[in-house]
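A quick write-up on the structure given underneath.
In my numbering, the protein residues as written are -4 to 237.
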C-alpha cells in the first residue's frame, strides 16, 4: 500500500486486478490510471500524486460515469484483456476520454487506433494525440474498414461503441480486417439503439446469437447500471475459421 501525498487525499493506492489499473482507497474509492504524460489533464479529471515502487507517480482519476470501460471495471468485468504493450482498435472513439486512459494502460509500447466519424469529436481526439504518441486518430467510418487499412496493423483487441443497429456486423467486418485470431473484443450495447421495440434482454440474446454466427465466442455479458442506464457490455474472443 502506498500513501498519497495530496491536499485532498490521505489515502492509499493499490494495484487493481486489471493490469495497469489502480485503486485509490479512501472515503470514496476511485479508479486510477498512471498518467503517461506526467501531468496533462485530458477532460478535467483530477490528477493526484502517489508513491509506488517506481517512486513518485502522477495518477489520473478514471470516472466510470464518463467512460464505459471504467464502468465495466466497476461493474465487475472479469478482464478487459488490455495490458501494457497491447494494440487496440477503438471504433467510436468520440473525443478520447476512454482512449486517454487506455493510452495510460498500454503505455509507450502499445498503440490505440482510434476511429471517429464526427469531425468535431475527431478534432478533440487529434489534440490528445499531440501529447500521447501511442494514440493514432483516424477520421473514418467504421462501416468502411478498407478505407483505413493502410494505417492499421493487426490488433489484440477491438472495442466498439457506436450505438448503431448494425454494430455487430460492423465489429465482424473490422475483425476480418484487423483482429488477430484469438484476439478479444469488447462491444458496448445500447439495446434501444438496436431495437427500441424489444426488451433489453431480448436484444442482448439476439446479439449474442449473431456474434456466434459471425465467428465470435462471447465470454461475458454485464450490465453497466448504475453508471450507464440501459447499456450492456459483451466481451469475447474471435474464433473465425475459413
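Glycine included, every Cβ here is placed at the ideal spot set by N, Cα and C.
These numbers come from a predicted model, not from an experiment.
With contacts defined by Cβ atoms closer than 8 Å, residue 140 and residue 172 form a contacting pair. Excluding the 5 residues flanking it on each side, residue 126 has same chain C-beta neighbours closer than 8 Å at 32, 35, in chain order. For residue 62, same chain residues with a beta-carbon under 8 Å away, outside a window of 5 residues either side, are 92, 93, 96 in chain order. Apart from sequence neighbours up to five positions away, the residues of its chain that approach residue 87 with a beta-carbon distance below 6 Å are 156, 157, ordered along the chain. Straight through space, the alpha carbons of residue 56 and residue 27 are spaced by roughly 5 Å.
By the neighbour-count definition (other C-beta atoms within 10 Å, threshold 16), residue 137 is a buried residue.
Taking residue 106 as the centre and dropping the five residues before and after it, the same chain places the C-beta of 82, 129 closer than 6 Å to its C-beta, in chain order. Comparing alpha-carbon positions, the option among 199, 37, 118 lying closest to residue 190 turns out to be 199. Measuring C-alpha to C-alpha distances from residue 146 to each of 165, 84, 119 identifies 84 as the nearest. Here the alpha carbons of residue 182 and residue 223 stand approximately 14 Å from one another.
Residue 128: not part of any beta strand (DSSP E); DSSP gives it neither H nor E. Secondary structure at residue 85: strand, using DSSP grouped into helix, strand and coil. Between residue 192 and the set 208, 160, 7, 231, the nearest pair of CA atoms involves 160.
Following the DSSP letters along the chain, one finds residue 142 in no alpha helix (DSSP H), marked with neither H nor E. In terms of CA proximity to residue 220, 185 leads the group 167, 38, 185, 16.
Around the C-beta of residue 194, fewer than 16 other C-beta atoms lie within 10 Å, and the residue is accordingly described as exposed. Closest in C-alpha terms to residue 101, from the list 59, 122, 21, 151, comes 151. Distance from residue 215 to residue 73 at the Cβ level is roughly 6 Å; contact confirmed, criterion being Cβ atoms closer than 8 Å.
Cβ atoms of residue 120 and residue 132 come within 8 Å of each other, at about 4 Å.
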